[in-house]
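Count along the sequence shown starting at 1, add 2, and that's the number in my numbering.
Step one of this worksheet: look at the structure below.
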Amino acid sequence: MNRVSESLQPILEEVIRRNPAEAEFHQAVQEVLESLGPVVTRHPEYTDGEVIRRLCEPERQIIFRVPWTDDAGRVQLNRGFRVQFSSALGPFKGGLRFHPSVYLGIVKFLGFEQIFKNALTGLPIGGAKGGSDFDPKGRSDAEVMRFCQSFMTEMYRHIGEHTDVPAGDAGVGRREIGYLFGQYKRITDRYESGVLTGKGLTWGGSQVRTEATGYGTVFFVDEMLRHSGDSFEGKRVLVSGSGNVAIYAIEKVQELGGRVIACSDSDGFIVDEAGIDLDLIKEIKQERRGRISEYTDQRPGARFVAGEGIWDIPCDIALPCATQNELRGADATALLRGGCRIVAEGANMPTTPDAIRLLVDGGVRFAPGKAVNAGGVATSALEMQQNASRDSWAFDYTEERLAEIMRTLHDRCLETADEYGAPGDYVAGANIAGFTRVADAMLALGLV
Ligand code: NDP
Ligand code: 2IT
Numbered sequence: 003m004n005r006v007s008e009s010l011q012p013i014l015e016e017v018i019r020r021n022p023a024e025a026e027f028h029q030a031v032q033e034v035l036e037s038l039g040p041v042v043t044r045h046p047e048y049t050d051g052e053v054i055r056r057l058c059e060p061e062r063q064i065i066f067r068v069p070w071t072d073d074a075g076r077v078q079l080n081r082g083f084r085v086q087f088s089s090a091l092g093p094f095k096g097g098l099r100f101h102p103s104v105y106l107g108i109v110k111f112l113g114f115e116q117i118f119k120n121a122l123t124g125l126p127i128g129g130a131k132g133g134s135d136f137d138p139k140g141r142s143d144a145e146v147m148r149f150c151q152s153f154m155t156e157m158y159r160h161i162g163e164h165t166d167v168p169a170g171d172a173g174v175g176r177r178e179i180g181y182l183f184g185q186y187k188r189i190t191d192r193y194e195s196g197v198l199t200g201k202g203l204t205w206g207g208s209q210v211r212t213e214a215t216g217y218g219t220v221f222f223v224d225e226m227l228r229h230s231g232d233s234f235e236g237k238r239v240l241v242s243g244s245g246n247v248a249i250y251a252i253e254k255v256q257e258l259g260g261r262v263i264a265c266s267d268s269d270g271f272i273v274d275e276a277g278i279d280l281d282l283i284k285e286i287k288q289e290r291r292g293r294i295s296e297y298t299d300q301r302p303g304a305r306f307v308a309g310e311g312i313w314d315i316p317c318d319i320a321l322p323c324a325t326q327n328e329l330r331g332a333d334a335t336a337l338l339r340g341g342c343r344i345v346a347e348g349a350n351m352p353t354t355p356d357a358i359r360l361l362v363d364g365g366v367r368f369a370p371g372k373a374v375n376a377g378g379v380a381t382s383a384l385e386m387q388q389n390a391s392r393d394s395w396a397f398d399y400t401e402e403r404l405a406e407i408m409r410t411l412h413d414r415c416l417e418t419a420d421e422y423g424a425p426g427d428y429v430a431g432a433n434i435a436g437f438t439r440v441a442d443a444m445l446a447l448g449l450v
């Protein structure tokens, strides 16, 4: 793996100095800068125009108070964020995360990644992220609704179909998007479908958006396999998490003939050598909002292990689909020991830099989240297209559009890696292809 080149080192130092105590943001910036050395050597105009420094500074950052009342009538207080990073390629676009760990550094790392991911899709969308330290776990629907209404009562003035289009991320799914959209509609008196994506199918949503991130992840890996004359058939696959991304990744792996033997939640993981029963996972995690440990009640052949350790299980392919920095150095060593050949990130930045180094040095083919999980936001952009034309497309047609986007994106990464002397390096390919697309637009738009 590269290090940040000498000419870019001052930019990283400036980011660290200007954004103190935001470790995840520093990590995301460093990972991109590590790829850009050869780009600025070949294109001095990016340095002359201070394109990289400008990209590291969000266009606008909004932090706001979110007061709400719980079911017992007590006043609760959370903090809301929307970081609008770059609108060079289109309206700001990116999800909202509701999780107690959310703070400015998490929102900025996600927003920064989103710029390059969205650029890679080839679609007209800028980059943003938002969310709150609100914890939806254990909250009633009525509490989640009141929280969402309060959140939107501030956020509505900063978004719009041509300005900024939020969507879901961890902790934000169709239920939350519904409450947010309802409040936006009420405050503005506008049925502005294109202001949020991930909507329900009867009120402006797109087919395949729910499945898109997980399906897209597997389409990307399928393309990696095809390039080496291989396929998912008979492969042992580990998927961490059991949320939106994990569930639909598991579904598509199974459709393509792979065997998913483990998945997890924040309590621990389950191992089912017979292959995960996805209907049961959906019932536990989607319908009941329960815990993954309940799986073994109905599948006596499976076992639940509390805590970490999913990456110790021997596998061919690992798909981290839960959260940032969940796959660390020791996990990479365990994966190598277990025979893993491919690691592809369904989540955003789930692999630590030292783990990536170990995997790549060990001969594993590694693909980064900004490329692998781009199917979610790409399908959000397809939802925006449908909303703009007041149309709705069939499932199969939309899925084929997604598959085509993922194939093109995969090839764009490999071609760009080749062009910059790093054949087969998906990290370099994704960072450079995403960066050059947004950088060229920034230069064309002048100093704004
Ligand atoms: P969800 O909230 O639907 O699910 C997250 C899952 O990860 C849950 O099963 C959660 O468990 C689990 N999890 C969280 N922390 C840990 C941990 N430390 N160890 C093990 N499991 C954990 O989120 P999504 O599936 O939507 O998002 C997952 C990742 O994918 C995030 O990084 C997100 O940014 C990224 N992503 C999401 C997209 C989308 O369209 N939704 C698009 C692109 C990327 P528990 O139930 O215990 O909380
Ligand atoms: O990380 C991501 O790409 C998302 N959470 C999806 C964003 C979107 O706007 O659909």
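The C-beta atom is built at its ideal place from N, Cα and C for all residues, glycine as well.
Using the rule of at least 16 other Cβ atoms within 10 Å of the residue's Cβ for burial, across every protein chain shown, is Pro69 buried or exposed? exposed
For the beta strand (DSSP E) containing Val366, list its first residue and its last residue. Careful: Val366 lies outside any beta strand (DSSP E) and carries neither H nor E.
Relative to the ligand NDP, is the shortest distance from any of its heavy atoms to the C-beta of Cys323 smaller than 7 angstroms? yes
Ends of the alpha helix (DSSP H) at Pro46? If you look at Pro46, you'll find it in the alpha helix (DSSP H) that goes Pro46 to Asp50.
Stretch-stretch touch, CB-based, cutoff 8 angstroms, three pairs: the stretch 385-393 with the stretch 218-229: no
Confirm, please, whether the CB-CB distance from Pro352 to Asn389 is below 8 angstroms. Not a contact, by the Cβ cut-off of 8 angstroms.
Please state the DSSP three-state secondary structure of Asp333. helix
Less than 8 angstroms separating the beta-carbons of Ala336 and Trp313? yes
In terms of residues, what are the limits of the beta strand (DSSP E) holding Val85? Val77 to Ser88
Range of the contiguous beta strand (DSSP E) that encloses Val68: Where Val68 is concerned, the enclosing beta strand (DSSP E) stretches over Arg62 to Thr71.
Using a Cβ-Cβ cut-off of 7 angstroms (strictly less than) and excluding sequence neighbours within five positions of Ser7, which residues of its own chain qualify? Gly39
Kindly identify the DSSP beta-bridge partner or partners of Phe271. In the DSSP output, where bridge partners are listed per residue, Phe271 has Ser266 and Val307.
Give a single yes or no on whether Gln116 has its beta carbon closer than 7 angstroms to a heavy atom of the ligand 2IT. yes
Considering Ser152, what are the terminal residues of the alpha helix (DSSP H) in which it resides? Asp143 to Met157
Can you give me the C-alpha to C-alpha distance between Arg414 and Glu275, rounded to a whole angstrom? 36 angstroms
Where does Thr215 sit, in a helix, a strand or coil, going by DSSP? helix
Pull up the distance between the alpha-carbon of Ala74 and that of Val146, whole angstroms please. 14 angstroms
Spatial distance of Pro102 from Pro46 (CA atoms): 42 angstroms
Extent of the continuous beta strand (DSSP E) to which Phe136 belongs: Per DSSP, Phe136 belongs to no beta strand (DSSP E) and is neither H nor E.
Just reading off the beta strand (DSSP E) that Asp398 is part of, what are its end residues? Careful: Asp398 lies outside any beta strand (DSSP E), inside the alpha helix (DSSP H) at Phe397 to Glu421.
If I follow the unbroken beta strand (DSSP E) through Gly170, where does it start and stop? Residue range Asp166 to Gly170 is occupied by the beta strand (DSSP E) that includes Gly170.
With a floor of 3 residues, list each beta strand (DSSP E) that falls wholly inside the stretch 224-248, ordered by position along the chain. 238-242
Should Asp171 be counted as a contact of the ligand 2IT given a C-beta to heavy atom distance under 7 angstroms? yes
Reference Leu445; option with closest CA among Leu14, Leu57 and Leu10: Leu57
Hey, could you find the ends of the beta strand (DSSP E) Lys95 is sitting in? Phe94 to Phe100
For the 8 angstroms Cβ check, are there 3 or more pairs between the stretch 182-201 and the stretch 109-120? no
Please work out which residues of its chain come closer than 6 angstroms, Cβ to Cβ, to Asp72, disregarding the five sequence neighbours upstream and downstream, and give them in chain order. Gln78 and Glu145
Between Asn375 and Val273, is the Cβ-Cβ spacing less than 8 angstroms? no
Within its chain, find whatever has a CB closer than 6 angstroms to the CB of Ala264; leave out the 5 residues flanking it on each side and keep chain order. Leu240, Phe271, Val273, Ile312 and Ile315
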